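Scroll down for the structure; my scribbles are underneath it.
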Amino acid sequence: MDIVSLLIQTLNAVQYGLVLFLVASGLTLIFGIMRIINLAHGSFYMIGAYMAFGLSSGITETLPAMIAVGLILSFFIGFVLEWVFYAFLYQREHLEQVLLTYGLILVFEELRSILFGNDVLGVPVPEVFAGSIPLTDTLSYPVYRIFISVACLIMAGLLYYLIRHTRLGMMIRAGSHDRTMVQALGININLLFRIVFAIGFMLAAFSGMISAPMTSVSPGMGNQVLIISFVVVVIGGIGSVGGAMVAAMVIAFADVFGKVLVPAYAGMFVYLVMALVLLWRPEGIFRKG
Amino acid sequence: MARFFRTFPLIAALAVLLVFPMFGQIFYTELVAKTLILAIFAMSLDLLVGYTGLVSFGHAAYFGIAAYTVALLTPAGAVNSIWWILPVSVLAAALAALVIGVFVLRTKGIYFIMVTLAFAQMAFFLFHDTDLGGGSDGIFLNSKPTAHLFGHEILTFENPTHIYYLVLALTIFVYLSLRWLLKTSFGHILIGIRSNEHRMVAMGYNTFNYKLAIFTMAGGLAGLAGFLQVLLTGFVTPEMLAWHQSGNVLLVVILGGIGTLIGPVLGAFTFVALQEFAQGLVDRWQLVMGIFVILVVFALPGGLAAIPARVRRRLVKGAQHD
Amino acid sequence: MTERHREVFLEARSLSRHFGGLAANSNVSVTLRRGEIHALLGPNGAGKSTFINMLSGDLPPSSGTILLKGEDVSGLPAHRRSRIGIGRSFQRTNIFPTFSVQENCVLAAQSRQQQPGKIFRPPLHNQAVVDRSHEVMALTGLAHCGSQIAGTLSHGEQRQLEIAMVLATNPIVLLLDEPLAGMGADESSRMVDLLARLRRDHAILLVEHDMDAVFALADVITVLVNGELLESGPPAQIKASPAVRSAYLGEDEEIDHV
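Residue numbers (this note's numbering), protein chains in the order written: chain V, 4 to 292; chain L, 2 to 323; chain B, 53 to 310.
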C-alpha cells in the first residue's frame, strides 16, 4: 500500500470511527445510566438517515436548516419514546428489555417500509461539499467525508463539554457512577433519564443523517450499525464515553484495514478483535472501579 | 386429579400430532414439522435463559453451524447416512458452543448478551463473506441423508411425512430427556446458579464449569434443530445464523414462558401461527408481530405458560369474593 | 483449656485490601482456633465485610496471606476455599427460595459430591447427601419443615436455613456474617444456643451487631476501626479498653449495657 492510499484509508477509518463513536456514545450512556439494553438504537440511526432523505427531498434545501430541524425533531422523538416505552423498562429484567426493544425494531422497520418502501435510496451530497480534493492523478478524496469527520468532531466536542462542564453533565457522571447518589442529591431522576435518552437518540439520528449521502439509505442499515455499536460499547466498557471513543477507533481501523488486507474475512475481523480484547479484559478496556 | 389435568392436555396434543399428517395437506405437515423444530431450538435456548439465567442472544449460530456441517459434508454425488451425519453435525455445533462458551462465559449480564451476539455475528460473516458455504446465497444440499436399518430404508427424507415423524419423535425425546435432566442434581445446580450464583460459589461449586457444560449441551441441541431444518428444507443460507434468528428464538422462549419446558413448545406454535396468520391477513406481518411482542412485555410477564396459573389465581380470588 | 492449646484452623496474616486509593483493610491479622468463637466488631464501614470476603475468597487481598491448617490458601478461588473447609453465611439471606428446605440443604451437601455419576441422578436418590441434609436440619431445628418451600419460611427460619446450608458443606471454619440480623428474641436465643453448640468442632468468625450475643458467645474479640485492627483479646479486655470505648463513642451505649 502506497502512502496516498494509506492516507485515504486512514481518513476513512477516522471518519467511520467518529460516526461509530456518536452512535455508541448514546448507547453507552443509556446502558450506563439507565441500565437499559436498547436493541432499537440502530433503528434510531436508521430514522436519522431516512429523516435526511425526507428533509432533502423537498422540505428544506439548505444544510444548516436541515441539521437543525433534524436535531430538534430527533430530540423530541427520543423524549417521547422514553416517555411512552422505555420508562416502563427500568425495573424490568434485561430479558424483557431485549424483548420490548426487539419488538420496537420490528415496528420501526415496518413503518420505514410503509413510508419509504424497501428500495435503496440515495441522498444527494449537499452542493457545498460536492467536490473532491485531488491527491494524485488518479486518487482523490471526497470533501463530504471530511465534512462528516468535522461535524462528528464538533458533536463529540459538544458532548465532552456537556458532560464535563455543565450541571447536566455532572448529574450524568454521577448517575453512571452511582445511581442512588443522584437520587440522594434530590435530582429529578425521571427527567434526567428522559433527557439522556433523548440525547442518545439525537446522537444516533444525527450520525445517520449526515452519513446518509455517503452510505445511501437502505433497509437493514440500522441493524448493521447496532451490532457494531454493541461491539464498541463492550470493548470500551459500559457507561464509559471515553472508552467508546477509543473502542470506536479500534473497531473502525480494524474494519477499514481488515477490508483492505483480508477482504474475505473482514466481516469477522472486527469480532475477532473484540474476542481478543475480552479475553484480556472481560469488562472492557475502560471499565470503572 | 390435578396430575390428570396437567397431563391430559399433553396427551391429547400428542395424539393430535400423531395423526395430523393423515388428514392435513403436505403444506401443513411441513409447517408443523417446522414448528416442532423451532420448539426443539427454543427448548435448547431455554436451558440457558430460563434455567441457568444466561441470556444468550447468539443461539442461532449453533443452529446454523450444524446445518452448514450437513451441507459441507455432503459433496455432490455423496450420500450420507443419518446415523453418522446427525451425530457429527450435532457435535460440530456443541464443539462450537464449547469454544465460544469459554470466551463468553467470562462475562456477565449485559456484556453476556452483547458478546454472544457478537460471536454469532462472527459465525454469520464466516459463512456470508467467504466461499466456504456458498457465500451470501447459501447452498442446496446435494442429497438428503438416508436412513437404513439392517439393510432396509426405514425413512426416506424426500417424503415430508417421514421427516415429520422423525421430528416429532425427536421433539418428544428431547422434551423427556430435558425433563429428566432438570430433575437431577445437575438441573438443581443450574437453577441454583440462576437464582444465586454467588451462593453456589460459596458452597463450593465451580459454576463456570456447569455453565460451560450447559452452554455446550444447549449448543448441541440447537444443532439438532439445525440438522432437522436442513433435512426439511434441503438448503442452508447464512440467514440461519443471522441475529434475527437469534432474536426470534428468544422471542419464542419468552413468549411461551421461560424456565418451563412446555413454554418453548407453546411459544413455537404461537409464533408460527401468528406469523402465518399475520402474513395471510396483511402483508405487514412484522408490524403485527412487533406490536404483539410489545404488548406481551406490558401485559403478560411470565409468558403463555403462566396463563393457567394466572387464571387459577383469578378464579380463586373470584371464589373468595363470592 | 487455654487458647494456647487449641488447634489453629485459620490464620490471616496482615491482610490488606485497597480499593483505588482507599484502604478498606490494612494489616489485619486474626487467628481462628477450633473451639473458639472469634467475634469481629467495628462500626459500619470498618471493613468487616471486606475482611470476610478476603477469607472466603470473594475478594483477593492486596497483600497478606491466609493459612488454613498451616497451608497457604491465599490464591485459591472462592469455590475451592469452600471445598477445603471454609464455609460462610451471608448477611442478607441467601437461600434458594423456590426450593424446599430439604432441597436447599441437599444442594449444599451435594457440593461435596460433584462426580458425574452423582450429579446426573435425582438429588434425593443420593443417600449420603440426603442423610447429611437430615443431620443439618435436625441440628438447626428445621427438621419439622423439610418439605416446606424455603421462600415461605419466617425470617428467623430462613436465617437458620442459611446456617444449615453452610453446615451441610462440612466446613471446619465458619465465617458468619450477622447471623442474628433481624431476628426476634426467641429466634435469637435459639441461634445463640446453636452457635454455642457449633463451637466445639469449628473455628468460628462471628460478625454481629447484637452486643449481648457477642459478649455471651465470644472467646476472643477483635475490633476493627477504619480498616485497621484496634484491639484484640478476651471480652473482658475489650470491655475495659479505653481505645475501644473512644472509638465506639458514638455507639458505645451498647457496650456500656453489657
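Backbone N, C-alpha and C fix where the C-beta goes; we use that ideal spot for every residue, glycine too.
Note that the coordinates shown come from a computational prediction; the quantities given were computed from them, not determined experimentally.
### Message
Short of 9 Å Cβ to Cβ, which residues in the region 32-53 of chain L face chain V?
### Response
Residues passing the 9 Å Cβ filter: Val50.
### Task
Return yes when the Cβ of arginine 140 of chain B is within less than 9 Å of the Cβ of alanine 255 of chain B, no when it is not.
Cβ atoms of alanine 255 of chain B and arginine 140 of chain B: not closer than 9 Å.
### Task
Closer than 8 Å by beta-carbon distance: list the chain L residues that pair up with histidine 97 of chain V, in chain order.
Going along chain L in sequence order, the residues near histidine 97 of chain V (Cβ under 8 Å) are Val56, Gly110, Ile111 and Ile114.
### Runs of beta strand (DSSP E) wholly within the region 93-150 of chain V (minimum 3 residues, chain order)
DSSP assignment within the region 93-150 of chain V yields the following whole beta strand (DSSP E) runs of 3 residues or more, N-terminal first: 135-137 and 143-145.
#### Entry: Per DSSP, the bridge partner or partners of isoleucine 201 of chain B
Paired residues: B/Ser152.
### Message
Let me check one thing: in DSSP terms, what residues is phenylalanine 141 of chain L bridge-paired to?
### Response
According to DSSP, which records beta bridges pairwise, phenylalanine 141 of chain L is partnered with L/Phe236.
### Message
Residues in the same chain with beta-carbon distance under 6 Å from glycine 198 of chain B, minus the five sequence neighbours each way, listed in chain order, please.
### Response
Listed in chain order, the non-local C-beta contacts of glycine 198 of chain B below 6 Å within the same chain comprise Val153, Gln154 and Met189, local neighbours out to five positions each way being set aside.
### Task
Could you check how far apart the C-beta atoms of tyrosine 112 of chain L and valine 237 of chain V are, in whole angstroms? I think they sit under 8 Å.
That pair is a contact at about 6 Å.
### Beta-carbon gap between phenylalanine 272 of chain L and valine 298 of chain L smaller than 9 Å
It is not a contact, given that the beta carbons lie outside the stated cut-off.
### Minimum C-alpha distance to serine 178 of chain L - residue among L/Asn249, L/Leu262, L/Tyr206 and L/Phe236
When each option's Cα is compared against that of serine 178 of chain L, the closest is L/Leu262.
### Query
Nearest chain L C-beta to phenylalanine 71 of chain B closer than 9 Å, yes or no?
So, not an interface residue.
### Query
Tell me the DSSP bridge mates of phenylalanine 71 of chain B?
Residue pairing by DSSP puts phenylalanine 71 of chain B in a beta bridge opposite B/Leu74.
### Message
Tell me the DSSP secondary structure of serine 141 of chain B in three-state form.
### Response
Residue state for serine 141 of chain B is assigned as strand, using DSSP reduced to three classes.
### Query
How many Å lie between isoleucine 40 of chain V and phenylalanine 88 of chain V at the Cα?
Put simply, the backbone Cα of isoleucine 40 of chain V is about 13 Å away from that of phenylalanine 88 of chain V.
### Query
Going along the region 251-276 of chain L in order, which residues come within less than 8 Å of chain V, judged by CB to CB distance?
Correct list: Leu251, Leu252, Ile255 and Ile259.
### Query
Are the C-beta atoms of valine 234 of chain V and some chain L residue less than 9 Å apart?
Chain L, which has a Cβ nearer than 9 Å to the Cβ of valine 234 of chain V, makes this yes.
### Query
What separation, rounded to the nearest whole angstrom, lies between the Cα atoms of leucine 156 of chain V and alanine 187 of chain V?
Rounded to the nearest whole angstrom, the CA to CA distance from leucine 156 of chain V to alanine 187 of chain V is 35 Å.
### Message
I'd like to know if the region 217-231 of chain V and the region 99-107 of chain V are in contact, where contact means that at least 3 CB-CB pairs between them fall below 8 Å.
### Response
Flag = no, the region 217-231 of chain V and the region 99-107 of chain V do not touch.
### Query
Under the DSSP definition of a beta bridge, which residues are partnered with glutamate 283 of chain B?
In the DSSP output, where bridge partners are listed per residue, glutamate 283 of chain B has B/Val275.
### Message
With a threshold of 9 Å between beta-carbons, can glutamate 113 of chain V be considered close to chain L, or not?
### Response
At a cut-off of 9 Å between beta carbons, glutamate 113 of chain V contacts chain L.
### Message
Below 8 Å on C-beta distance, what does glutamate 286 of chain V contact in chain L?
### Response
By Cβ distance, chain L contributes Thr108 and Tyr112.
### Task
Go to glutamate 154 of chain L, then tell me how far its beta strand (DSSP E) extends in each direction, as first and last residue.
Its beta strand (DSSP E) spans residues 153-157.
### Task
Look up glycine 242 of chain V in the DSSP assignment and say whether it is helix, strand or coil.
Glycine 242 of chain V falls in the coil class under three-state DSSP.
### Query
Does any C-beta atom of chain L lie closer than 9 Å to the C-beta of asparagine 193 of chain V?
Output row for asparagine 193 of chain V: interface = no.
### Assumed close pair leucine 276 of chain B, leucine 282 of chain B - CB separation to whole angstroms, cut-off 8 Å
Taking C-beta atoms under 8 Å as the contact rule, leucine 276 of chain B and leucine 282 of chain B qualify, at a distance of about 7 Å.
### Close beta carbons around methionine 277 of chain V, own chain, < 7 Å, minus the five adjacent residues each side
Excluding sequence neighbours, methionine 277 of chain V sits near Val234, Val237 and Ile238.
### Task
Closer than 6 Å by C-beta to valine 244 of chain B: which residues in its own chain qualify, once you throw out the five before and the five after it? Chain order, please.
Within the same chain, valine 244 of chain B has close Cβ partners Ala265.
### Query
By how many angstroms is the C-alpha of alanine 257 of chain V removed from the C-alpha of leucine 264 of chain V?
In a straight line, the C-alpha of leucine 264 of chain V is about 10 Å away from that of alanine 257 of chain V.
### Task
Quick one: which residues of the region 179-200 of chain B get their C-beta closer than 9 Å to a C-beta of chain L? List them in chain order.
Residues Val181.
### Task
Give, in chain order, every residue of the region 128-151 of chain L whose Cβ lies closer than 8 Å to some Cβ of chain V.
Hits within the stretch, in order: His129, Asp130, Thr131 and Asp132.
### Query
Helix, strand or coil for glycine 109 of chain B per DSSP?
Reduced to three states, the DSSP call for glycine 109 of chain B is coil.
### Query
Name the chain L residues that come within less than 8 Å of glycine 275 of chain V, Cβ to Cβ?
Per the sequence presented here, residue 275 of chain V reads as leucine, with glycine not at that position. Within chain L, the residues Met123 have their CB atoms less than 8 Å from the CB of leucine 275 of chain V, given in chain order.
### Query
Quick one: what does DSSP say isoleucine 307 of chain B is sitting in, helix, strand or coil?
Unreliable positioning characterises isoleucine 307 of chain B in this predicted model, as indicated by a pLDDT of 49, which lies under 50. A coordinate reading is not provided.
#### Entry: the region 283-295 of chain L: positions lying closer than 8 Å to chain V by Cβ
Those would be Arg285, Gln287, Leu288, Met290, Gly291, Ile292, Phe293, Val294 and Ile295, in chain order.
### Task
Using a Cβ cut-off of 9 Å (strictly closer), state whether phenylalanine 299 of chain L contacts chain V.
So yes, phenylalanine 299 of chain L belongs to the interface.
### Query
Which chain L residues are close to methionine 271 of chain V, counting only those with a beta carbon under 8 Å from its beta carbon?
Ordered by position in chain L, the residues that pass the 8 Å Cβ test against methionine 271 of chain V are Met123, Phe126, Leu127 and Asp130.
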